[in-house]
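Chains as they are written, first to last, in the working numbering: chain A, 1 to 112; chain B, 1 to 113. We put the CB at the ideal spot given by N, CA and C, even for glycine. Okay, so here's the structure we're looking at.
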């Protein structure tokens, strides 16, 4: 079956860069997404990348996609304490845009 | 702004009880989803619906059923709650064709004693 994997935990110091990694299995995925879940809240879409792109930058966020290795990463520059959250990557399932497979989530802890 | 609301933030039920979790969205979205979230397992899809009265099983439908009588409302039903259904339940919705993908509610933390 399809599987999306992430490391469970990442700790960084405030002001450093954070890199959260994700590997996926469905090579037909049209889009890949990063969601953020703050404590006690639902998931919020952070950014997405179309499968024919290698990189997307959005302010402090940079998404890198390596299709050959099926590897997706999210880099957060100048990480702040407000970035502390669980980050989920997700891929479209079977190429469809409205059904997603989520990764296990990475808990990002930002130390002051 | 899209708003997805869930009827309860916290719920405590006893084993064997019938449990209803309600989800309402106000953006006329065709698609609605129910997930459960467990530590180390991420989000797993229970059921989804592409239209009124239409439902399809997700990855872990056992022990659950759903109802979509109106477009804006998608209910998750636990016919006979068990302790292994203690979890965070998240509802989401999306338009039929969506670049922005799914919008999530705040979640319901269900504890089954």
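Short of 7 Å from the beta carbon of residue 104 (chain A), and not among the five residues preceding or following it, lie these beta carbons of its own chain, in chain order: 5, 6 and 8. Chain-ordered, the chain B residues with CB closer than 7 Å to the CB of residue 41 (chain A) read 106. Three or more beta-carbon pairs separated by less than 8 Å are not found between the region 60-72 of chain B and the region 67-86 of chain A, which leaves the two stretches without contact. Within a 10 Å sphere around the beta-carbon of residue 90 (chain A) sit 16 or more other beta-carbons, which makes this residue buried. In the DSSP assignment, residue 36 (chain B) forms a beta bridge with B:44 and B:89. When Cβ pairs closer than 8 Å are counted between the two stretches, the region 12-27 of chain A is seen to touch the region 66-73 of chain A, the count reaching three or more.
Scanning its chain for C-beta atoms nearer than 7 Å, with the 5 sequence neighbours on each side dropped, one finds around residue 60 (chain A) the residues 76, 77 and 78, in chain order.
Here the alpha carbon of residue 36 (chain B) sits roughly 6 Å from the alpha carbon of residue 88 (chain B). Between residue 11 (chain B) and residue 110 (chain B), the gap from beta carbon to beta carbon is short of 7 Å.
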